[in-house]
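A.B. asks: Chains as they are written, first to last, in our numbering: chain A, 1 to 115; chain B, 1001 to 1110. Every residue, glycine too, gets a C-beta built ideally from N, C-alpha and C. Have a look at this one.
And the structure:
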């Protein structure tokens, strides 16, 4: 149980274009979803927290106009990287909680490369 | 000083060894402690979850929390090459958002 999927698993895009990453909880309803960014050999950096039907709460230093988060349902959240630049290249990981405990269940991650 | 400190390693051990992974923290409000395992190019998966002080065992894995010392450990017995991964500690205090360590890279060689 508590499976989270992400799509796509990897994507290459050109500088200036936008990319959408989907995060789905497959067998549970996710009250809260989180988006993280991870650089090689670094820890997870929380970008934003989103609850279904509400605006996302962004961490300090994360541009909300650049990283658009939509939490349309209890099983789906999307992260759109707008006007991507090479420095946005990273590993993006989502996670979700069931609401019954503090445990976060992570997706497999999406590797974004901006050329 | 970061809230959670974790040695990035790498920690290299022979197969069958007992592995000890550790994190220290400074925030006394942390109450929930977790260990995640992350294979290369994959998302983290939850290994162990403990509340407050004490030990918790699950198969070859034992999680230990010492709140008085603000120190947590994960022990892996009879380590296997398949245990080679990055292990992240995470802690939760007043909010439900965890604070992660930077992870320790473990290499178990045959």
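Here's the rule: buried if 16 or more other CB atoms are within 10 angstroms of the residue's CB, otherwise exposed. What is residue 73 (chain A)?
C.D. replies: It is exposed - the Cβ of residue 73 (chain A) has fewer than 16 other Cβ atoms within 10 Å.
A.B. asks: Counting only C-beta atoms, is residue 24 (chain A) closer than 8 Å to chain B at any point?
C.D. replies: Residue 24 (chain A) does not count as touching chain B.
A.B. asks: Out of B:1060, B:1074 and B:1029, point me to the one whose CA is closest to residue 1052 (chain B)'s CA.
C.D. replies: It is B:1029.
A.B. asks: Over the uninterrupted beta strand (DSSP E) stretch that includes residue 96 (chain A), give me the two end residues.
C.D. replies: 90 to 97 is the span of the beta strand (DSSP E), which, as asked, contains residue 96 (chain A).
A.B. asks: Quick check: is any heavy atom of the ligand ADP less than 7 Å from the C-beta of residue 74 (chain A)?
C.D. replies: Among the components modelled here there is no ligand, and therefore nothing to report on the ligand ADP.
A.B. asks: Given that a residue counts as buried once 16 or more other Cβ atoms are within 10 Å of its Cβ, and exposed if not, what is residue 91 (chain A)?
C.D. replies: By the neighbour-count rule (16 or more Cβ atoms within 10 Å), residue 91 (chain A) is buried.
A.B. asks: Of the residues A:42, A:80, A:57 and A:18, which one's Cα is nearest the Cα of residue 68 (chain A)?
C.D. replies: Closest by alpha carbon: A:80.
A.B. asks: For chain A, is any of its Cβ atoms less than 8 Å away from the one on residue 1030 (chain B)?
C.D. replies: Closer than 8 Å: no.
A.B. asks: By how many angstroms is the C-alpha of residue 6 (chain A) removed from the C-alpha of residue 88 (chain A)?
C.D. replies: In a straight line, the C-alpha of residue 88 (chain A) is about 18 Å away from that of residue 6 (chain A).
A.B. asks: State the DSSP-derived secondary structure class of residue 8 (chain A), mapped to helix, strand or coil.
C.D. replies: Reduced to three states, the DSSP call for residue 8 (chain A) is coil.
A.B. asks: Below 8 Å on the Cβ atoms is my guess for residue 115 (chain A) versus residue 30 (chain A); work out the distance and round it to an integer in Å.
C.D. replies: At roughly 32 Å, the Cβ-Cβ gap does not stay under 8 Å, so residue 115 (chain A) and residue 30 (chain A) are not in contact.
A.B. asks: Express the C-alpha separation of residue 1041 (chain B) and residue 1062 (chain B) in angstroms, rounding to a whole number.
C.D. replies: About 25 Å.
A.B. asks: Looking only at its chain, what residues have a beta carbon closer than 7 Å to the beta carbon of residue 1102 (chain B), apart from the 5 residues adjacent to it on each side?
C.D. replies: 1006 and 1008, listed in sequence order.
A.B. asks: By the criterion of Cβ-Cβ separation under 8 Å, what are the contact partners of residue 46 (chain A) in chain B?
C.D. replies: Within 8 Å Cβ-Cβ: 1097.
A.B. asks: Cα separation between residue 70 (chain A) and residue 52 (chain A)?
C.D. replies: If you take the alpha carbons of residue 70 (chain A) and residue 52 (chain A), they lie about 8 Å apart.
A.B. asks: Helix, strand or coil: how does DSSP classify residue 1045 (chain B) here?
C.D. replies: It is a strand residue.
A.B. asks: Return yes when the Cβ of residue 1044 (chain B) is within less than 8 Å of the Cβ of residue 106 (chain A), no when it is not.
C.D. replies: Yes, they are a contact pair.
A.B. asks: Taking Cβ-Cβ distances shorter than 9 Å, what residues in chain B pair up with residue 108 (chain A)?
C.D. replies: Simply 1041, 1042 and 1043.
A.B. asks: Which one of B:1012, B:1060, B:1084 and B:1054 has the shortest CA to CA distance from residue 1078 (chain B)?
C.D. replies: Checked all of B:1012, B:1060, B:1084 and B:1054; the closest Cα to residue 1078 (chain B) is B:1060.
A.B. asks: At the level of alpha carbons, what is the spacing between residue 1088 (chain B) and residue 66 (chain A)?
C.D. replies: Taking the straight line from one Cα to the other gives about 28 Å.
A.B. asks: So residue 19 (chain A) is in the beta strand (DSSP E); what residue range does that whole segment cover?
C.D. replies: That run of the beta strand (DSSP E) goes 19 to 25.
A.B. asks: Would you mind sorting residue 109 (chain A) into buried or exposed? The rule is 16 or more other CB atoms within 10 Å of its CB.
C.D. replies: So residue 109 (chain A) ends up on the buried side.
A.B. asks: What residues in its chain sit with their C-beta under 8 Å from that of residue 13 (chain A), if we drop five residues either side in the sequence?
C.D. replies: Taken in chain order, the residues that qualify are 19, 84, 112, 113, 114 and 115.
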